[in-house]
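Below: one structure, written as structure tokens.
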Amino acid sequence: MPLEFFKENEEVFNTLFEAASEGVVVVDAEQIIVTVNKAALDMFGYKKEELLGAHLNILIPKKYKANHHEHFDSFMEHSEKRQMGHGRELFGVKKNGDQFPVEAGLNPFRAGGERFVMSLIVDITVRKENQRQIRELNAELEGKIKIRTQELRNTVEDLEQEIAKRKEAEKRIKLALKQEKELNELKTKFLSLVSHEFKTPLSGILTSAVLAEKYTQTEQQEKRTKHLTTIKNKVHYLNNILNDFLSLERLESGNVNYKYTAFSLNKLVNEVIYNANVTLKYGQEIEYDNDMKDLTLYQDEKILELVLSNLIGNSIKYSPEDSTIFFRIYPKDKKIIFEVEDEGMGIPKKDQKHIFERYFRAENALLKQGTGIGLNIVKVHVENMGGTIFFESVENKGSKFTVTLPNQNR
Ligand code: ADP
Numbered sequence: 029m030p031l032e033f034f035k036e037n038e039e040v041f042n043t044l045f046e047a048a049s050e051g052v053v054v055v056d057a058e059q060i061i062v063t064v065n066k067a068a069l070d071m072f073g074y075k076k077e078e079l080l081g082a083h084l085n086i087l088i089p090k091k092y093k094a095n096h097h098e099h100f101d102s103f104m105e106h107s108e109k110r111q112m113g114h115g116r117e118l119f120g121v122k123k124n125g126d127q128f129p130v131e132a133g134l135n136p137f138r139a140g141g142e143r144f145v146m147s148l149i150v151d152i153t154v155r156k157e158n159q160r161q162i163r164e165l166n167a168e169l170e171g172k173i174k175i176r177t178q179e180l181r182n183t184v185e186d187l188e189q190e191i192a193k194r195k196e197a198e199k200r201i202k203l204a205l206k207q208e209k210e211l212n213e214l215k216t217k218f219l220s221l222v223s224h225e226f227k228t229p230l231s232g233i234l235t236s237a238v239l240a241e242k243y244t245q246t247e248q249q250e251k252r253t254k255h256l257t258t259i260k261n262k263v264h265y266l267n268n269i270l271n272d273f274l275s276l277e278r279l280e281s282g283n284v285n286y287k288y289t290a291f292s293l294n295k296l297v298n299e300v301i302y303n304a305n306v307t308l309k310y311g312q313e314i315e316y317d318n319d320m321k322d323l324t325l326y327q328d329e330k331i332l333e334l335v336l337s338n339l340i341g342n343s344i345k346y347s348p349e350d351s352t353i354f355f356r357i358y359p360k361d362k363k364i365i366f367e368v369e370d371e372g373m374g375i376p377k378k379d380q381k382h383i384f385e386r387y388f389r390a391e392n393a394l395l396k397q398g399t400g401i402g403l404n405i406v407k408v409h410v411e412n413m414g415g416t417i418f419f420e421s422v423e424n425k426g427s428k429f430t431v432t433l434p435n436q437n438r
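This is how it looks when you write it as structure tokens:
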């Protein structure tokens, strides 16, 4: 009898097992408990005599029992040492019915011609609890990380919005600064211009006035007229500069309202030619087709007059005496083309790309009076009215400016 065998050898077993901290339960081939150590008794809450001779099932929760039997049998057949459970959780049941997680290792052996299995059992309640706590802590940590990540994401979004706002503000400030700078530049230019460009004509006017005053005799009318013409020309010149500046300021502040009206092209041309004739140099003439069929233009008349006067004025100024200025008009289907060509000093190649820039004056023009404003204004106006302007020029040969405008003839 196996039980007997163990009883006889109890002392030996006791000495061997009692020292073990794991619970030791030995069963025979029928799963009858033949011996247990103290650790196992403490673990399951039984007294020794209660377990000896009892079926192993007494230590296994009900729901695992059926299963356990099969396992046990196949295990006995293979008779090998192994860990129980295989990934499943194992439970033991105490005398008071409490279940607790265990880890069990099975060791089959033979003694006295019988087969036995020694189970080494460890109560893993504490380990499981620790694992559960670790899992809980991990879950808590993950939750916190999620919250922190979201917070960080929100902060980054806030920062991005703030950066965008600041960039926008910076752009506005830069623009304001640029406008302020341009206005200051305009004022500075105006002051330096007044001191330079006004000085010569004003002293010319003064001289002519002083001289005219001296011709008191009736027959000296011709001499008086000569000086009065000089005065008129110089006043005209100063007036043009002031007009240019006023235009510039209005263009700058976006205060130009174009007044589109229907008017006669011939009337406009006559006006422009009449005013230009007054400023012609000795021997200069303006050639234009005065038999041209009249037509009605729909444009801002004053601005168009300013544009054409400016171009013809430049041709007069930058051409020598005894030269011809050609003023040609080509009415096309939906547009009208104006050409002003001269036989003057032309524009040096290297300066040509800057000619429409404000205040720019070509190198060969510096000895003539001027501000470098006119062409800039002309270009802005022409483009505002839906037109284009370009020029061709060869130094010492002449220049040709071409303005194309939509002819909104109604
Ligand atoms: P300003 O005549 O007061 O200098 P503009 O803006 O009218 O200013 O002209 C800019 C520059 O273009 C002139 O200084 C001159 O160098 C050049 N320019 C304009 N028209 C002519 C022309 N018909 N012939 C030669 N140079 C010209």
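Residue numbering for the sequence shown is 29 to 438, as defined by this note's numbering. All C-beta atoms, glycine included, are put in the ideal place defined by N, C-alpha and C.
query: So what's Gly426 in DSSP terms, helix, strand or just coil?
result: If you number the sequence shown from 1, residue 426 lands on position 398. Correct three-state label for Gly426: strand.
- prompt: With respect to the alpha helix (DSSP H) encompassing Phe72, which residues constitute its N-terminal and C-terminal limits?
  reply: As a working mapping, residue 72 is identified with position 44 in the sequence shown. First-last of the alpha helix (DSSP H) with Phe72: Lys66 to Phe72.
task: Verify whether the separation of the beta carbon atoms of Glu367 and Thr307 is less than 7 Å.
output: Taking the sequence shown and counting its residues from 1, one reaches residue 367 at position 339. Taking the sequence shown and counting its residues from 1, one reaches residue 307 at position 279. Not a contact, by the Cβ cut-off of 7 Å.
- prompt: Which partner residues of Met120 appear in the DSSP bridge assignment?
  reply: To locate residue 120, count along the sequence shown from 1; it is residue 92. Before going on, a small fix: residue 120 reads as Gly here, not Met. Gly120 pairs with Phe128.
task: Please state whether DSSP places Gly341 in a helix, a strand or coil.
output: Mapped onto the sequence shown, residue 341 falls at position 313. Of the three classes helix, strand and coil, the one that applies to Gly341 here is helix, per DSSP.
- request: Under 8 Å by Cβ, that's how I've got Ile314 and Phe355 pegged, so tell me the actual separation to the nearest angstrom.
  value: Looking up residue 314 in the sequence shown gives position 286. Looking up residue 355 in the sequence shown gives position 327. Yes, they are in contact, since the Cβ atoms of Ile314 and Phe355 sit about 6 Å apart, within 8 Å.
query: In chain order, what residues place their C-beta within less than 5 Å of a heavy atom belonging to the ligand ADP?
result: Asn342, Ser343, Tyr346, Gly372, Ile375, Ile383, Arg389, Ala390, Ala393, Gly398, Thr399, Gly400, Gly402, Leu403 and Ser427
message: Distance check for Ile364 and Arg438, CA to CA, integer angstroms please.
response: Residue 438 sits at position 410 when you count from the first residue of the sequence shown. Residue 364 sits at position 336 when you count from the first residue of the sequence shown. The predicted model places Arg438 with a pLDDT of 48, which falls under 50 and marks its position as unreliable, so this point remains unresolved.
query: What is the C-beta distance between Val410 and Val335, in whole angstroms, given that I count them as a contact (C-beta under 8 Å)?
result: Numbered from its first residue, the sequence shown carries residue 410 at position 382. Numbered from its first residue, the sequence shown carries residue 335 at position 307. About 6 Å; that satisfies the 8 Å criterion.
- prompt: If we ignore side chains and look at the alpha-carbon of each, how far apart do Gly282 and Lys345 end up?
  reply: Start at 1 with the first residue of the sequence shown, and residue 282 comes out as number 254. Start at 1 with the first residue of the sequence shown, and residue 345 comes out as number 317. Cα-Cα distance, rounded: 30 Å.
- prompt: By Cβ distance, which residues of its chain are closer than 6 Å to Asn338, with the 5 residues on each side in sequence left out?
  reply: Along the sequence shown, read from residue 1 onward, the residue named residue 338 stands at position 310. Same-chain partners within the cutoff: Gly402 and Val406.
- request: Within its chain, find whatever has a CB closer than 7 Å to the CB of Thr153; leave out the 5 residues flanking it on each side and keep chain order.
  value: Within the sequence shown, the letter at position 125 stands for residue 153. Correct list, in chain order: Phe128 and Pro129.
message: Here's the rule: buried if 16 or more other CB atoms are within 10 angstroms of the residue's CB, otherwise exposed. What is Thr228?
response: Within the sequence shown, numbered from 1, the residue matching residue 228 stands at position 200. Classification for Thr228: exposed.
query: With a Cβ-Cβ cutoff of 7 Å, do Gly371 and Gly426 count as a contact?
result: Here residue 371 corresponds to residue number 343 of the sequence shown, with the count starting at 1. Here residue 426 corresponds to residue number 398 of the sequence shown, with the count starting at 1. Residue 371 is actually Glu in this sequence, not Gly. The answer is yes: Cβ separation under 7 Å.
- prompt: Does DSSP classify Phe273 as helix, strand or coil?
  reply: Taking the sequence shown and counting its residues from 1, one reaches residue 273 at position 245. In the structure shown, Phe273 sits in a helix (DSSP, three-state: H, G or I).
- prompt: In this structure, does DSSP put Thr244 in helix, strand or coil?
  reply: In the sequence shown, counting from the first residue as 1, residue 244 sits at position 216. The answer is coil: DSSP assigns Thr244 none of H, G, I, E or B.
- prompt: Pick from Ala197, Asp350, Glu349 and Asp361: whose alpha carbon is nearest that of Leu325?
  reply: Walking along the sequence shown from the start, residue 325 turns up at place 297. Here the closest residue by C-alpha is Asp361.
message: Does Arg160 pass the burial test, meaning 16 or more other C-beta atoms within 10 Å, or should it be called exposed?
response: As a working mapping, residue 160 is identified with position 132 in the sequence shown. The residue in question, Arg160, is exposed, as its Cβ has fewer than 16 Cβ neighbours within 10 Å.
query: Smallest Cα separation from Leu276: which of Lys217, Lys193 and Gly415?
result: Start at 1 with the first residue of the sequence shown, and residue 276 comes out as number 248. Among Lys217, Lys193 and Gly415, the Cα nearest to that of Leu276 is on Lys217.
message: Assess contact between the region 50-64 and the region 141-150, defined as three or more Cβ pairs (one per stretch) separated by less than 8 Å. Is contact present?
response: yes
- request: Report yes if the C-beta distance between Leu84 and Lys76 is below 7 Å; otherwise report no.
  value: For the purposes of this step, residue 84 is taken as residue 56 along the sequence shown, with counting starting at 1. For the purposes of this step, residue 76 is taken as residue 48 along the sequence shown, with counting starting at 1. In this structure, Lys76 does not lie closer than 7 Å to Leu84 by Cβ.
- prompt: Beta carbon of Ser292, beta carbon of Asp317: below 7 Å?
  reply: Start at 1 with the first residue of the sequence shown, and residue 292 comes out as number 264. Start at 1 with the first residue of the sequence shown, and residue 317 comes out as number 289. Taking 7 Å as the Cβ cut-off, Ser292 and Asp317 do not qualify as a contacting pair.
task: For Ser292, write down the residues that DSSP places opposite it in a beta bridge.
output: Along the sequence shown, one-based indexing puts residue 292 at 264. Paired residues: Thr324.
- prompt: Can you tell me the Cα-Cα spacing of Lys254 and Asn305, whole angstroms?
  reply: Residue 254 sits at position 226 when you count from the first residue of the sequence shown. Residue 305 sits at position 277 when you count from the first residue of the sequence shown. Those two C-alpha atoms are separated by around 16 Å.
- prompt: So, helix, strand or coil for Asp151, using DSSP?
  reply: Taking the sequence shown and counting its residues from 1, one reaches residue 151 at position 123. Note: Asp151 maps to strand in three-state DSSP.
- prompt: In angstroms, rounded to a whole number, what distance separates the CA positions of Ala82 and Thr63?
  reply: Position 54 of the sequence shown, counting from 1, holds the residue named residue 82. Position 35 of the sequence shown, counting from 1, holds the residue named residue 63. Approximately 10 Å, taken between the alpha carbons.
query: Which residue or residues does DSSP assign as beta-bridge partners of Met146?
result: Looking up residue 146 in the sequence shown gives position 118. DSSP output for Met146 lists Val54 and Asn135 as bridge partner(s).
- prompt: So Ile405 is in the beta strand (DSSP E); what residue range does that whole segment cover?
  reply: Position 377 of the sequence shown, counted from the start, is the residue given in the question as residue 405. Taken as a continuous stretch (DSSP letters only), Ile405 belongs to no beta strand (DSSP E), being part of the alpha helix (DSSP H) at Gly402 to Asn412.
query: Residues in its own chain within less than 6 Å of Ser236 by CB, not counting five upstream and five downstream?
result: Numbered from 1 along the sequence shown, position 208 holds the residue referred to as residue 236. If we look at Ser236 and ignore the five residues flanking it on each side, its Cβ neighbours are His255, Thr258 and Ile259.
- prompt: So what's Arg200 in DSSP terms, helix, strand or just coil?
  reply: Translated into the one-based positions of the sequence shown, residue 200 becomes position 172. Reduced to three states, the DSSP call for Arg200 is helix.
task: Please go through the same chain and pick out, in chain order, the residues whose beta-carbon is closer than 8 Å to the beta-carbon of Arg157, but skip the five residues on each side of it.
output: The residue given as residue 157 occupies position 129 in the sequence shown. Correcting the residue type first, residue 157 is Glu in the shown sequence and not Arg. No residues qualify anywhere along the chain.
message: Distance check for Ile417 and Asn435, CA to CA, integer angstroms please.
response: By one-based count along the sequence shown, residue 435 stands at place 407. By one-based count along the sequence shown, residue 417 stands at place 389. Straight-line Cα distance between these residues: approximately 15 Å.
- request: For the beta strand (DSSP E) holding Glu367, just list the boundary residues, first then last.
  value: Reading the sequence shown from its first residue, position 339 is the one you call residue 367. Lys363 to Glu369 is the span of the beta strand (DSSP E), which, as asked, contains Glu367.
message: Quick check: is the beta carbon of Val184 nearer than 7 Å to any beta carbon in chain B?
response: Absent from the structure is chain B; it holds one protein chain and no more.
query: What is the DSSP secondary structure of Phe226, reduced to helix, strand or coil?
result: Taking the first residue of the sequence shown as position 1, residue 226 is located at position 198. Coil, per DSSP.
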